[in-house]
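Asker: Just passing along the structure, written as structure tokens.
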Amino acid sequence: MKKGFSLVELLIVLTVLAALISSVTIFAMNAIRKAKATQISQNLKIIANSVESKLYLEGLDHLSEVSNLSYYGKNIGDNYKLYLVTKPSGEIMVNAVYNALDVDAELLEEILPDATTTSADLHHELQAGEKYYRITSYVLQGIVAGTKVTIVPKDSIYLSKIIRLF
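See the structure below:
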């Protein structure tokens, strides 16, 4: 009598292991997707809240210091942008934007209900006295009334806030 396992027994064990690994992989991938969406939603909130705090504390005079978005948190890279429109009334429209397509937008909107996705550029026509700031790695300021500016590029997820300085 030989000792050991038969080929059928080994195949059954391998089949059970493959089934276990495939079910664990599904859970792991869902956890990774949710973690990515959570990270992006937190980064959008951090950027918007940090800029809001900076504007309340220091006003528009120090807006050029906002140009390095990675200063506000970990893992905030080139995929994050900030678009501001200042109005003469003291109102500031803040749009914190994530423009990479590597996240499930529906899951992110579930985590952060204030976040919105867009499939087309969102534009704003500057009125008299309004200023436009696009903050990526530099600050762009356009002062000409009647100019159509992009406040959110297409295929982006963004968090929009209105701040009133005075």
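Each residue of the sequence shown is one higher than the last, beginning at 4 in this note's numbering.
Where a beta carbon is used, it is the ideal one built from N, C-alpha and C, also for glycine.
Just so you know, these numbers come straight off a predicted model, no measurement behind them.
Counting along the chain, where does the beta strand (DSSP E) carrying residue 134 start and finish?
Answerer: 134-138
Asker: Which whole-angstrom value is the C-beta distance of residue 108 and residue 160, which I expect to be below 8 Å?
Answerer: 6 Å
Asker: Going by beta carbon distance, what residues of the same chain come within less than 7 Å of residue 44, once the five residues before and after it are set aside?
Answerer: Excluding residues within five positions, the ones whose Cβ falls inside 7 Å are 111, 114, 115 and 118.
Asker: Assign residue 166 to one of three DSSP states: helix, strand, or coil.
Answerer: strand
Asker: Kindly indicate if chain D contains any beta-carbon less than 8 Å away from that of residue 89.
Answerer: Included in the structure is just one protein chain, with no chain D present.
Asker: Less than 8 Å between C-beta atoms, sequence neighbours within five positions excluded: which residues of the same chain meet that for residue 148?
Answerer: For residue 148, where only same-chain residues beyond five positions count, the Cβ hits under 8 Å are 129, 130, 131, 132 and 133.
Asker: Assuming residue 49 contacts residue 85 under a Cβ cut-off of 8 Å, what Cβ separation, rounded to an integer in Å, is found between them?
Answerer: Actually they do not touch by this definition, with Cβ atoms about 12 Å apart.
Asker: Please report the Cβ distance between residue 100 and residue 164, rounded to the nearest whole angstrom; I am assuming they are in contact, meaning their Cβ atoms lie under 8 Å.
Answerer: Residue 100 to residue 164, Cβ: 12 Å. No contact.
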